[in-house]
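Asks: Just remember that our numbering sits 2 ahead of the position in the sequence shown, which is counted from 1.
Before I ask anything, let me first share the structure, which is written out below as structure tokens.
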Amino acid sequence: MKTKTVMQTAHEDMSRGTWLRRLTRADFRRIREGAEVKVIIKTPLELDTLRAQASKMSDIEGCRFSVHYRRDTGAATVIRREKEEQP
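Okay, structure coming up:
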């Protein structure tokens, strides 16, 4: 599984490890295709925003995105989960 890290300055080439403030729809498409994206979180508000964005994109993209936050590193990882079928 590929891991990409996003930075907070510009949205240039993700393969070089640039950072973003927010993930774009294209970033979520990459995650849907199997990429794992890490975002450095500096405030609790950024984490809440990322979780809300992942929830919204789960509805739009048709698959479930999860945000896992590691307090010791300050990094949040966004991954794709299989969407549960609802009866």
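The beta-carbon is built from N, C-alpha and C at its ideal position, and this holds for glycine as well.
Since V69 contacts A56 with CB under 8 Å, what's their CB separation in whole angstroms?
Replies: Right, their Cβ atoms sit about 5 Å apart.
Asks: Quick one: is D74 buried, meaning 16 or more other Cβ sit within 10 Å of its Cβ, or exposed?
Replies: So D74 ends up on the exposed side.
Asks: Taking all protein chains shown into account, do 16 or more other C-beta atoms lie within 10 angstroms of the C-beta of A78, making it buried, or fewer, making it exposed?
Replies: Its Cβ being crowded by 16 or more others within 10 Å, A78 is buried.
Asks: Sorted by chain position, which residues of the same chain lie with C-beta nearer than 8 Å to R18's C-beta, five sequence neighbours on each side aside?
Replies: Because the pLDDT at R18 is just 42, under 50, the model does not fix this residue reliably, and the point stays unresolved.
Asks: Under the rule that 16 or more other beta-carbon atoms within 10 Å means buried, what is L25, buried or exposed?
Replies: L25 is buried by the Cβ-count criterion.
Asks: Note down, one range per segment and in chain order, each beta strand (DSSP E) of at least 3 residues found wholly within the segment 14 to 84.
Replies: Segments of the beta strand (DSSP E) lying fully in the segment 14 to 84: 38 to 42, 66 to 72 and 77 to 83.
Asks: So the candidates are R66, D50 and Y71; which of them puts its Cα closest to the Cα of E84?
Replies: The shortest Cα separation from E84 among R66, D50 and Y71 belongs to R66.
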